[in-house]
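**Student:**
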Amino acid sequence: MTMLSLPPVPMWQRAVPNRPARPPLLWLVGVHGGAGVSSLAASMSWAGDAGQRWPARIGIGADMDSPLVVLVARTHMRGMNTLHRALLSHEQHATPAGSEVVGIITVADSARPLPNPVEDRRHDAEDLARELGAQVWRLGWLEQWRALEPHEMAAWNPAVTGSPLDDGDPTRTPPQPVRHLAEQILTSARAAGARITERAYPDAQT
108 MTMLSLPPVP
118 MWQRAVPNRP
128 ARPPLLWLVG
138 VHGGAGVSSL
148 AASMSWAGDA
158 GQRWPARIGI
168 GADMDSPLVV
178 LVARTHMRGM
188 NTLHRALLSH
198 EQHATPAGSE
208 VVGIITVADS
218 ARPLPNPVED
228 RRHDAEDLAR
238 ELGAQVWRLG
248 WLEQWRALEP
258 HEMAAWNPAV
268 TGSPLDDGDP
278 TRTPPQPVRH
288 LAEQILTSAR
298 AAGARITERA
308 YPDAQT
């Protein structure tokens with residue numbers, strides 16, 4: 108059976124706006140509105156918020172963006188379906204040339220267990236992500252985030268040592284699940300960046 112081709116994903120036709128002074132190592136892309144990208148980006152000092160569009164001006168210039176992308180979705184049926192469709196688009200090369208999907212994050216939309224159909228759909232998306240070489244992460248429900256705006260959330264910075272994993276105040280330290288997630292994403296992003304460099308400069312001496 109012939110697979111139907113998918114249209115190109117939403118993408119920025121210029122450098123992603125509202126970038127921090129230091130270019131992000133990777134971009135968080137929400138596959139739908141309300142996925143949690145702004146909160147996650149606020150919690151990771153080295154990650155950028157690309158909204159619901161993929162970075163398309165990929166390169167090393169001042170007005171260019173990192174090729175590294177992490178897709179984010181909420182754990183409801185719309186989120187899982189949209190995430191799966193985004194991964195299919197990447198598989199079919201309907202995403203910006205040079206994009207590297209480092210991983211996916213499914214963010215809990217409730218403290219309650221997922222309905223079986225949604226859980227099954229999440230497994231479908233996670234299986235496809237792994238087939239594409241991407242990492243899979245899950246972030247559970249964070250009650251303490253409900254009362255905060257993204258700009259009020261503490262950011263995890265790998266350069267800062269000696270701070271507690273979680274002192275109970277999310278405005279001072281990220282909740283422990285967020286810090287653990289950030290550490291794993293950072294490790295994967297650095298590895299992906301190294302692979303891209305090796306492909307671009309195969310004869311470079313290390």
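Residue numbers for the sequence shown follow my numbering, beginning at 108 and rising by one.
No residue lacks a Cβ here, since even glycine has one placed at the ideal position from N, Cα and C.
Please read all numbers here as calculations on a predicted model, not as lab measurements.
Using a Cβ-Cβ cutoff of less than 7 Å, which residues in the same chain neighbour GLY247 once the five nearest sequence positions on both sides are dropped?
**Tutor:** ALA215 and PRO284
**Student:** By how many angstroms is the C-alpha of ALA148 removed from the C-alpha of HIS258?
**Tutor:** 10 Å
**Student:** Which same chain residues, not among the five before or five after GLY205, have their C-beta less than 6 Å away from its C-beta?
**Tutor:** ILE165 and PRO174
**Student:** Decide if GLY140 is buried, meaning its Cβ has at least 16 other Cβ atoms within 10 Å, or exposed.
**Tutor:** exposed
**Student:** Since TRP161 contacts ILE212 with CB under 8 Å, what's their CB separation in whole angstroms?
**Tutor:** At roughly 15 Å, the Cβ-Cβ gap does not stay under 8 Å, so TRP161 and ILE212 are not in contact.
**Student:** Give the DSSP-derived three-state secondary structure of GLU256 in the structure shown.
**Tutor:** Here GLU256 sits in coil by DSSP.
**Student:** Going by CA-CA distance only, name the one from LEU194, PRO281, MET118 and ALA232 that's closest to ALA157.
**Tutor:** MET118
**Student:** Using the three-state DSSP reduction, which class does ARG160 fall into: helix, strand or coil?
**Tutor:** coil
**Student:** State the beta-bridge partners of VAL214 as determined by DSSP.
**Tutor:** Beta-bridge pairing links VAL214 to ARG181 and LEU246.
**Student:** What is the DSSP secondary structure of ASP274, reduced to helix, strand or coil?
**Tutor:** Looking at ASP274 - three-state DSSP - the assignment turns out to be coil, as it is neither helix nor strand.
**Student:** ASP234 by DSSP, collapsed to three states: which one?
**Tutor:** helix
**Student:** For LEU190, does the three-state DSSP call read helix, strand or coil?
**Tutor:** helix
**Student:** Given GLN242, which residues of its chain have a CB within under 7 Å of its CB, disregarding the five upstream and five downstream residues?
**Tutor:** VAL209, GLY210 and SER295
**Student:** Here's the rule I'm using: 16 or more other beta-carbon atoms within 10 Å means buried, otherwise exposed. How should MET108 be labelled?
**Tutor:** With a pLDDT of only 42 at MET108, under the threshold of 50, the placement of this residue in the model should not be trusted, and no figure is reported.
**Student:** If you compare alpha carbons, which of LEU288, SER146 and LEU133 is closest to ASP172?
**Tutor:** For ASP172, the closest alpha carbon among the candidates LEU288, SER146 and LEU133 is that of LEU133.
**Student:** Three-state secondary structure (DSSP) at ASP172?
**Tutor:** strand
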